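The block underneath contains the structure these notes are about, expressed in structure tokens.
Numbering (my numbering), first residue to last: 18 to 179.
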């Protein structure tokens with residue numbers, strides 16, 4: 018949908034230089050967007066679906082509208098069935114947590130609706146969602162780099178690709 022990610026940046030008050038991750042339903046969708054090497058495949062096999070976002074070089078020359086920055090994309094296969102089914106139905110989704118940038122994430126659809134009101138067209142109720150954010154690992158260089166530690170411990174990532 019044209020302008021959808023711009024509206025997302027505006028609703029969240031998210032700086033345009035903080036890129037949006039892209040949710041996928043699995044490795045096949047990730048491969049349509051990114052150059053998935055053996056190291057990334059090992060991480061995907063171990064931690065997907067789950068709380069690991071992997072930053073990879075983009076493999077396609079398309080504008081994802083996911084923010085300013087290098088020709089990279091952060092991909093994640095979530096461990097919640099609702100977004101995975103949505104990705105399977107419509108394709109990869111540039112998205113982010115349902116909070117104002119830098120603030121806590123509401124746990125329920127009702128809290129999200131109250132926070133954003135008319136700034137978002139649809140709130141999908143997938144049940145109560147709580148927990149730490151995903152771990153973000155940059156795999157665009159020779160050695161993986163921790164961007165943010167979340168649900169997957171950095172030590173566990175290093176055991177797989179260290």
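No residue lacks a Cβ here, since even glycine has one placed at the ideal position from N, Cα and C.
None of the values given here were measured: they were computed from a predicted structure.
Uninterrupted beta strand (DSSP E) stretches at least 3 residues long and entirely within the region 34-120 occur at 69-74, 89-93, given in chain order. Check the Cα spacing between residue 158 and each of 140, 47, 60, 73: the tightest is with 73. Residue 139 is not a Cβ neighbour of residue 153, given a cutoff of 9 Å.
Between the C-alpha atoms of residue 102 and residue 123 there is a straight-line separation of about 22 Å. No residue range can be given for residue 142, since it is assigned to no alpha helix (DSSP H) and is classified by DSSP as neither H nor E. Residue 153 has 70, 165 as its beta-bridge partners, per DSSP. Under a 10 Å Cβ-count criterion, residue 31 is classified as buried, with 16 or more other Cβ atoms of the shown protein chains found around its own Cβ.
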